[in-house]
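Student:
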Amino acid sequence: MDNQDNHAFSAIFQDIANILELQGDDPFRIRAYRRAAQTLAGLSEPVRTIARRGALESLPGIGKTLSREIQELLETGHLRYYAHLLTTVPEGILALLRLASLTPEHVRTLWRTHDITSVKQLAQAVQAARLPFADAHVEALSAEIAAWEREQSRLLLGVALPRAEILVERLAQIPLVERVSIAGSLRRGAALVGDMNVVVASPDPPRLIRLCNQQREIVHVLDTGPTSTVVVTSEGLRVSLSAVLPPQFVSALHYYTGSTAHLAALRRIAQRRSLDLTQYGVRQLPGGQYLTVAEEEDIYRLLGLPLIEPELREDSGEIEAAEAHRLPSLLTLDAIRGDLHVQSDWGNGTHSLEAIAEMGQRLGYQYVAICDYAIAAAADRGLTPAKLAAQLAAIRRLNATLPDTFRLISGIELEITPDGEVDFDTALLQELDLVIASVHTGLKEPRNKLTRRLCKAMEHPLVDILAHPTGRMLGRQGTPSIDLDTVLETAVETGTYLELNSHLLRLDLPDIYVRQARDLGLTLALGSESQSIQDMRTMRLGVLTARRGWLGPDQVLNSLPYHGLLRRLQDWGMPHVT
Numbered sequence: 001m002d003n004q005d006n007h008a009f010s011a012i013f014q015d016i017a018n019i020l021e022l023q024g025d026d027p028f029r030i031r032a033y034r035r036a037a038q039t040l041a042g043l044s045e046p047v048r049t050i051a052r053r054g055a056l057e058s059l060p061g062i063g064k065t066l067s068r069e070i071q072e073l074l075e076t077g078h079l080r081y082y083a084h085l086l087t088t089v090p091e092g093i094l095a096l097l098r099l100a101s102l103t104p105e106h107v108r109t110l111w112r113t114h115d116i117t118s119v120k121q122l123a124q125a126v127q128a129a130r131l132p133f134a135d136a137h138v139e140a141l142s143a144e145i146a147a148w149e150r151e152q153s154r155l156l157l158g159v160a161l162p163r164a165e166i167l168v169e170r171l172a173q174i175p176l177v178e179r180v181s182i183a184g185s186l187r188r189g190a191a192l193v194g195d196m197n198v199v200v201a202s203p204d205p206p207r208l209i210r211l212c213n214q215q216r217e218i219v220h221v222l223d224t225g226p227t228s229t230v231v232v233t234s235e236g237l238r239v240s241l242s243a244v245l246p247p248q249f250v251s252a253l254h255y256y257t258g259s260t261a262h263l264a265a266l267r268r269i270a271q272r273r274s275l276d277l278t279q280y281g282v283r284q285l286p287g288g289q290y291l292t293v294a295e296e297e298d299i300y301r302l303l304g305l306p307l308i309e310p311e312l313r314e315d316s317g318e319i320e321a322a323e324a325h326r327l328p329s330l331l332t333l334d335a336i337r338g339d340l341h342v343q344s345d346w347g348n349g350t351h352s353l354e355a356i357a358e359m360g361q362r363l364g365y366q367y368v369a370i371c372d373y374a375i376a377a378a379a380d381r382g383l384t385p386a387k388l389a390a391q392l393a394a395i396r397r398l399n400a401t402l403p404d405t406f407r408l409i410s411g412i413e414l415e416i417t418p419d420g421e422v423d424f425d426t427a428l429l430q431e432l433d434l435v436i437a438s439v440h441t442g443l444k445e446p447r448n449k450l451t452r453r454l455c456k457a458m459e460h461p462l463v464d465i466l467a468h469p470t471g472r473m474l475g476r477q478g479t480p481s482i483d484l485d486t487v488l489e490t491a492v493e494t495g496t497y498l499e500l501n502s503h504l505l506r507l508d509l510p511d512i513y514v515r516q517a518r519d520l521g522l523t524l525a526l527g528s529e530s531q532s533i534q535d536m537r538t539m540r541l542g543v544l545t546a547r548r549g550w551l552g553p554d555q556v557l558n559s560l561p562y563h564g565l566l567r568r569l570q571d572w573g574m575p576h577v578t
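Mapping of the sequence shown onto UniProt numbering: position 261 corresponds to residue 261, and the numbering continues sequentially without gaps.
Shown next as structure tokens:
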């Protein structure tokens, strides 16, 4: 379930509370904002949905003032009071307040007594041993600073990829450019990427570099030379661009795609074959004659290997698999027959069943599963059994009007309770095509308790899919502590499908566990968890992650055609009635 506003607004209220405490404000106001932050972070549905039905003030700790501020955030994306508070403290203070090892009192001491107002200054003080803290505290701070620095330098794949594609389109329009491609970790499909690496072929690389540095989108040139430049765009993106002559393009693309470890392993193979592998081409030794390389496949052929796809180039066994002719046939976006996790305006989504069906057909799908969030009828939020029954009837009516080539699949997303139950109307669940179980609350529970919670839910005979199993949110510090080995083993034992959630903030299962699941013979289910029809296009991010996990179409549930999918779902547990 997508709760981006919840997390963002919670962070804003937490910032407000921290700044107020830093300034010695009224403790009652501070507690009010902290409680509001906790309430928003713990919601099981988007705050936007709650606001739509006028129920904000029914939330714990949300009174008239905080309700108005939430509405202001929802309507404008900004909060004037928050903006004002930010002007009262140094710019870097917020980052310090967000470090778990520092309380507002610590930050006040650092600011007032030691003139430390940024994480960078704090890091320098740690290095110089100038902090008034115990050794254990300094050690914890060092680890947090290192994690913060890593996160600051990386972008979400789902943010970087579309921006890089726009940049590539613009570069391709420059007359001096003959070929251009994304490279680096972005081309390899990493969930978090550093610089945007781009390789360009031009008959005049130095002139092209000068021209690129003069583009209006470039606000700062960090480092430049005759054939390369590192710039910052107006969107704050750091781009590393390399320009080569057209005959060198393929070798340069291969080189700058990496990874470093993969290239090092290839160079060792090249040396055994009296070859030199460089960014300019493959040279025969001795003599240094460059061999013809028209495509990346030619580079691997010269090394006695089949082509290794970019997503696999991590030196994690792909070269040994290539030597043994055991490289997997990787999943492609074209192989996906449908989306198994979409939310509608019956629940937390923004679009109707009709709009979702239309988008599904536009994407070439055979089916889309409607899986709105539901909780027990006794609760005051989510789809009640009565509302779910009405939605099921609506899906059936709509399906009767759709072409035979497309169907909506009836589903639900159930919250796993703290004791591992999925409490809902069993008879109604049996009528659905698909039941998803997931955890959104209590993610800071002890490792063994949280693991048991997931495993017990998978033992339920009606649960088909465990959604976003690790609970991670990319770009945010802290990941729930879960014994994934045990979760994977339980999935094997129970026949439960694990989701590879394609939402740009999740990409969960992570690629390393996708590969582990593959090796265990598990089948994964890809879902966008989209709340709008536009976000259904993030399926490609899930496909990239699946490819990094060596996954082929034969181990992806939604590579099956519609009727094959329904038969497969009915193979496990109690049969579902369509």
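Glycine included, every Cβ here is placed at the ideal spot set by N, Cα and C.
1. Pair every Cβ in the stretch 474-488 with every Cβ in the stretch 444-451, then say whether three or more of these pairs are closer than 8 Å.
2. Quick one: residues in its chain with C-beta nearer than 6 Å to the C-beta of Pro246, no 5 flanking neighbours on either side, listed in chain order?
3. Rounded C-beta distance between Leu383 and Gln391? I'm assuming under 8 Å.
4. Once the 5 residues before and after Val138 are set aside, which same chain residues still bring their CB inside 7 Å of it?
5. Here's the rule I'm using: 16 or more other beta-carbon atoms within 10 Å means buried, otherwise exposed. How should Tyr256 be labelled?
6. Bridge partners of His563, per DSSP?
7. With the cut-off set at 9 Å, would you say Ser118 and Ile93 are in Cβ contact?
8. Would you tell me roughly how many angstroms separate the C-alpha atoms of Phe406 and Gln366, rounded to the nearest one?
9. Taking all protein chains shown into account, do 16 or more other C-beta atoms lie within 10 angstroms of the C-beta of Tyr81, making it buried, or fewer, making it exposed?
10. Given that a residue counts as buried once 16 or more other Cβ atoms are within 10 Å of its Cβ, and exposed if not, what is residue 636?
11. My output table needs one value for Thr88: the three-state DSSP class, helix, strand or coil.
12. Whole-angstrom Cβ separation of Ala437 and Leu414, contact assumed at under 8 Å?
13. Within 10 Å of its beta-carbon, does His351 have 16 or more other beta-carbons around it, so buried, or fewer, so exposed?
14. Going by other Cβ atoms of all chains shown within 10 Å of its Cβ, with 16 needed for buried, is Gln343 buried or exposed?
15. Do you know how far the Cα of Gln173 is from the Cα of Gln71?
16. What do you get for Phe13, buried or exposed, if any count of 16 or more other CB atoms within 10 angstroms of its CB means buried?
17. Could you tell me whether the Cβ atoms of Arg515 and Gly549 are closer together than 9 Å?
18. Measure the Cβ-Cβ separation of Gly347 and Ala374 and say whether it is below 9 Å.
19. Could you check if residue 593 is buried or exposed, using at least 16 other CB atoms within 10 Å of its CB as the buried criterion?
20. Buried or exposed: Asp135, going by 16 or more other Cβ atoms within 10 Å of its Cβ?
21. Using 10 angstroms around the beta-carbon of Val487, count the other beta-carbons present and answer buried if the total reaches 16, otherwise exposed.
22. Quick one: grab the DSSP three-state call for Arg362.
23. Cα separation between Leu462 and Ala143?
24. Do Leu398 and Leu434 have their beta-carbon atoms positioned less than 9 Å apart in this structure?
25. Report yes or no: do the stretch 532-539 and the stretch 353-364 share at least 3 C-beta pairs separated by less than 8 Å?
26. Would you grab the beta carbon distance between Val198 and Val219 for me? Rounded to a whole angstrom, and I think it's under 8 Å.
27. How long is the line joining the alpha carbons of Thr490 and Ala55, rounded to whole angstroms?
Tutor: If we stick to the structure as given:
1. yes
2. Glu178 and Ala201
3. 7 Å
4. Val126 and Leu131
5. buried
6. His563 pairs with nothing; no bridge assigned.
7. yes
8. 5 Å
9. exposed
10. This structure does not reach residue 636, given that the chain is present from 1 up to 578, and the question cannot be answered.
11. coil
12. 5 Å
13. buried
14. buried
15. 43 Å
16. buried
17. yes
18. yes
19. Because the chain in this structure spans residues 1 to 578, residue 593 falls outside the shown range and cannot be described.
20. exposed
21. buried
22. helix
23. 43 Å
24. no
25. yes
26. Not quite, the Cβ-Cβ distance comes to about 17 Å (not below 8 Å), so this is no contact.
27. 39 Å
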